[in-house]
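To start, the structure itself, in structure tokens.
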Amino acid sequence: MACIGKSSQGLGERKKVVVIGGGVGGSVIAKSLQFTADVVLIDPKEYFEIPWASLRAMVEPSVAERSVIDHGDYFSNGHIIISAAVDITEGGVVTEDGNLFPYDYLVIATGHRDSIPKSRTERIAHFQKECEKIKSSNSILIIGGGPTGVELAGEIAVDFPDKKVTLVHRGSRLLEFIGPKASQKTMDWLISKKVEVILGQSVDIDSASDGLYRTSDGETIRADCHFLCIGKPVGSSWLRETLLRGSLDERGRLMVDENLRVNGHKNIFAIGDITDVPELKQGYLAQAHAQLTAKNLTILMKGGKETRLAAYKPGSALAIVSLGRKEAVAQFPFMTTIGCLPGKIKSGDLFVGKTRKGLGLNPN
Ligand SMILES: Cc1cc2nc3c(=O)[nH]c(=O)nc-3n(C[C@H](O)[C@H](O)[C@H](O)COP(=O)(O)OP(=O)(O)OC[C@H]3O[C@@H](n4cnc5c(N)ncnc54)[C@H](O)[C@@H]3O)c2cc1C
1 MACIGKSSQG
11 LGERKKVVVI
21 GGGVGGSVIA
31 KSLQFTADVV
41 LIDPKEYFEI
51 PWASLRAMVE
61 PSVAERSVID
71 HGDYFSNGHI
81 IISAAVDITE
91 GGVVTEDGNL
101 FPYDYLVIAT
111 GHRDSIPKSR
121 TERIAHFQKE
131 CEKIKSSNSI
141 LIIGGGPTGV
151 ELAGEIAVDF
161 PDKKVTLVHR
171 GSRLLEFIGP
181 KASQKTMDWL
191 ISKKVEVILG
201 QSVDIDSASD
211 GLYRTSDGET
221 IRADCHFLCI
231 GKPVGSSWLR
241 ETLLRGSLDE
251 RGRLMVDENL
261 RVNGHKNIFA
271 IGDITDVPEL
281 KQGYLAQAHA
291 QLTAKNLTIL
301 MKGGKETRLA
311 AYKPGSALAI
321 VSLGRKEAVA
331 QFPFMTTIGC
341 LPGKIKSGDL
351 FVGKTRKGLG
361 LNPN
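Read left to right, the sequence shown gives residues 1 to 364 (full-length UniProt numbering).
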């Protein structure tokens, strides 16, 4: 176990709140409750990373200096445990290294688990390596046409227009998490930037040799390097052997009530992508879950009545996928649009300043 942060000195009779997962939702709740509860934040990495800035960081690694943030920078009055949670009992959370952290209230925010480096320094060096890989390649294969693959293709096509980019996607359309209009507009945009898009096929990475990749339909693609951008599974497999196994739905999501409490467990909350809330899985919604849960926990910790707890209303179908530095495709509840207008909302700073500000940090 690596434990960073201040001791419980001065925390008196504060309730113990354990937050599992230091991602978009977990970081907000840990920050929000650090002066009202005795908060333990458990995460296998030492930092919070703004996920929607990571593709820009691959073409411009200096972006990571602002988008990869040590947990201690926004959460200075609590306990940071660098390990993965592996079990939950009625009273405590067990981490991979065998330690037990008791809780009065538990918040689960393990949206997705990625195999990325443990320290911020290693993560920034990782982006530098990825950037060198892009720069030294003439042809690049991107596997996966979800938001990660599309945003990466957009970044490379805009910053390195002379490189040959091929994007292969197993599904019948790009960006399947949003509507078909957005998929078509994105497809047209990528083609206009000379990205070759192949739909309905997959690539067997293991059989690749000498820069030749074979698709499921037997096509051959020549590329100097590849990036695997397939969706990450929900970070809930570790819950299958725990107290909460009966609260997972068939997709591995935690079933929650209107107060974002895990069904059947009054003192256990879940927020972000791991929940079964019927809405798009988006970071701004994970942040809204965190803010609502912080308020509800504050009420409960002060002995307030359950009837005072705020109820969560699922968010609207709003999503913006950036396409390089100036453009984006956006799905709003009543329209879908592409180009510089949605690009103005997201693609310049990629909400990095806004996210940093939300964590109480200098936006720059
Ligand atoms: C390319 C891309 C672009 C996106 N753009 C946007 C955007 O513009 N706007 C937007 O709102 N959303 C966007 N999203 C979606 C957004 O990133 C997610 O909805 C958001 O990250 C979900 O937050 P979360 O807190 O639920 O989980 P995550 O942010 O995935 O955090 C999960 C955390 O849990 C930790 N963890 C996992 N397993 C364990 C364990 N067993 N023990 C302890 N810790 C664990 C992980 O290390 C991680 O820190 C984008 C996503 C992608 C991929």
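Just so it is clear, CB atoms sit at the ideal spot from N, CA and C, and this is done for glycine as well.
Going by C-alpha positions, Val68 is about 15 Å away from Gly21.
A contact between stretches requires three or more CB pairs, one per stretch, nearer than 8 Å, and the segment 109-116 fails this requirement with the segment 187-197. Secondary structure of Lys164 (DSSP, three-state): strand. Per the C-alpha coordinates, the member of Leu323, Ile142, Tyr312 and Ser207 positioned closest to Ile230 is Ile142. In this structure, Arg113 has its beta carbon less than 7 Å from a heavy atom of ligand 1. At least one heavy atom of ligand 1 lies closer than 7 Å to the C-beta of Pro147.
Ile205 sits exposed, since fewer than 16 C-beta atoms from the chains shown fall within 10 Å of its C-beta. In the three-state DSSP reduction, Asp257 falls in the coil class, being neither helix nor strand. Shown here, Phe269 sits in a strand according to DSSP, grouped into three states.
Burial of Ser347 is indicated by the presence of at least 16 other C-beta atoms within 10 angstroms of its C-beta.
Look at the segment 136-180 and you find these whole runs of beta strand (DSSP E), each 3 residues long or longer: 139-143 and 164-169.
If you check the C-beta of Glu122 against ligand 1, you find no heavy atom less than 7 Å away.
Note that the segment 335-353 does not touch the segment 170-177; fewer than 3 beta-carbon pairs, one per stretch, sit closer than 8 Å. Within its own chain, the residues whose Cβ lies closer than 8 Å to the Cβ of Glu90, once the five positions on either side in sequence are excluded, are Leu243, listed in chain order.
Per DSSP, the continuous beta strand (DSSP E) segment holding His226 begins and ends at Cys225 to Leu228. Pairing Glu279 with Gly303 gives a Cβ-Cβ distance that is not under 8 Å.
Taken in chain order, the unbroken stretches of beta strand (DSSP E) that lie wholly in the segment 85-112 and span 3 residues or more are 85-88, 92-95, 100-102 and 105-108. Counting C-beta pairs closer than 8 Å gives fewer than three between the segment 329-343 and the segment 27-38, which falls short of the contact rule. When secondary structure is reduced to three states using DSSP, Gln282 falls in the coil class, being assigned neither helix nor strand. Taking the Cα positions, Glu49 is about 23 Å away from Lys135. Taking C-beta atoms under 8 Å as the contact rule, Ala64 and Phe127 qualify, at a distance of about 5 Å.
For Lys118, the three-state secondary structure derived from DSSP is coil.
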